[in-house]
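Number of protein chains: 2
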Amino acid sequence: MACLCHQKMRYTDLLKEINGISGKVLSRELKDLEMNQLITRTVQNTKPITVEYEITEYGATLRQVTDVIADWGIEHRKRIIGG
Amino acid sequence: MACLCHQKMRYTDLLKEINGISGKVLSRELKDLEMNQLITRTVQNTKPITVEYEITEYGATLRQVTDVIADWGIEHRKRIIGG
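Protein chains in written order, with the UniProt record's numbering: chain X, 1 to 83; chain W, 1 to 83.
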């Protein structure tokens, strides 16, 4: 979700971007996100076919949650590591 | 953390409360939370010895994060399941 917050991405780009994730896990997660109306999946009529994922307006409401988590995490890091 | 938000708890109570968690995983998670200053571990001089875990004041700051996640989740459930 964090990747898609900024722009549309293709499956292969997501696979490269998310370190260590397997294709099987990525496919399952994307299907789950789509089922939960957080992203859309668009098949582009290119040769070869490409599939693009994009965050939905509803999906963007998750931003408030990820921001609170990230803010808390940054403060926590400073406290624990003294960064 | 959610369990400890409300009261002190002993290891055995936590093990019963958190469905499906193994003793090994619970011990590791508690050690990690203690290292991150989110909980304290107190050995009670009872027979047999009991170990109590309690959320710290700093740990309570996580409440704002878990509340935002929980609120978003409740709304999401309504939207998806139509609850």
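Beta carbons are placed, not taken as given, at the ideal position from N, Cα and C, and that holds for glycine.
| request: Check each candidate in GLY73(X), GLN64(X), MET1(X) and HIS6(X) and name the one with the smallest Cα separation from ASN36(X). | output: Counted from its first residue, the first sequence places residue 36(X) at position 36. Among GLY73(X), GLN64(X), MET1(X) and HIS6(X), the Cα nearest to that of ASN36(X) is on MET1(X).
| Can you tell me where the beta strand (DSSP E) with ILE21(X) in it begins and where it stops? | As a working mapping, residue 21(X) is identified with position 21 in the first sequence. Annotation for ILE21(X): no beta strand (DSSP E) segment contains it, and DSSP assigns it neither H nor E.
| said: When you compare the CB of GLN7(X) with every CB in chain W, is at least one pair closer than 8 Å? | reply: Indexing the first sequence from 1 puts residue 7(X) at position 7. With 8 Å as the cut-off, GLN7(X) does not count as an interface residue toward chain W.
| request: Taking a Cβ distance cut-off of 8 Å, strictly less, list which residues of the UniProt domain "HTH hxlR-type" (1 to 81) of chain X are near chain W, in chain order. | output: Correct list: ASN36, GLN37, TYR58, THR61, LEU62, GLN64, VAL65, VAL68, ILE69, TRP72, HIS76, ARG79 and ILE80.
| message | My parser needs the beta strand (DSSP E) runs of 3 or more residues fully inside the UniProt domain "HTH hxlR-type" (1 to 81) of chain W; what are they? | response | You should have 39 to 44 and 50 to 55.
| field | TYR58(X) classed as buried or exposed, judged by whether at least 16 other C-beta atoms fall within 10 angstroms | value | Here the question's residue 58(X) lines up with position 58 in the first sequence. A residue is called buried once 16 or more other Cβ atoms fall within 10 Å of its Cβ, and TYR58(X), having fewer, is exposed.
| Can we count LEU15(X) as close to the ligand ADP, meaning its CB is less than 7 Å from some heavy atom? | Among the components modelled here there is no ligand, and therefore nothing to report on the ligand ADP.
| query | By a C-beta neighbour count over all protein chains shown, 10 Å radius and 16 as the cutoff for buried, is ILE80(W) buried or exposed? | reply | Residue mapping note: residue 80(W) aligns to position 80 of the second sequence, counting from 1. Under this definition ILE80(W) is an exposed residue.
| request: Please go through the same chain and pick out, in chain order, the residues whose beta-carbon is closer than 6 Å to the beta-carbon of THR42(X), but skip the five residues on each side of it. | output: Along the first sequence, read from residue 1 onward, the residue named residue 42(X) stands at position 42. Closer than 6 Å at Cβ, skipping near neighbours: GLU52.
| query | Rounded to whole angstroms, how far is the Cβ of ILE39(X) from the Cβ of GLU54(X), which I believe are closer than 8 Å? | reply | Along the first sequence, read from residue 1 onward, the residue named residue 39(X) stands at position 39. Along the first sequence, read from residue 1 onward, the residue named residue 54(X) stands at position 54. So it is a contact: roughly 6 Å between Cβ atoms.
| message | Short of 6 Å in beta carbon distance, which residues of its chain neighbour GLU34(W), apart from the five on each side in sequence? Order them along the chain. | response | Residue 34(W) sits at position 34 when you count from the first residue of the second sequence. Within its own chain, the residues whose Cβ lies closer than 6 Å to the Cβ of GLU34(W), once the five positions on either side in sequence are excluded, are ARG41, listed in chain order.
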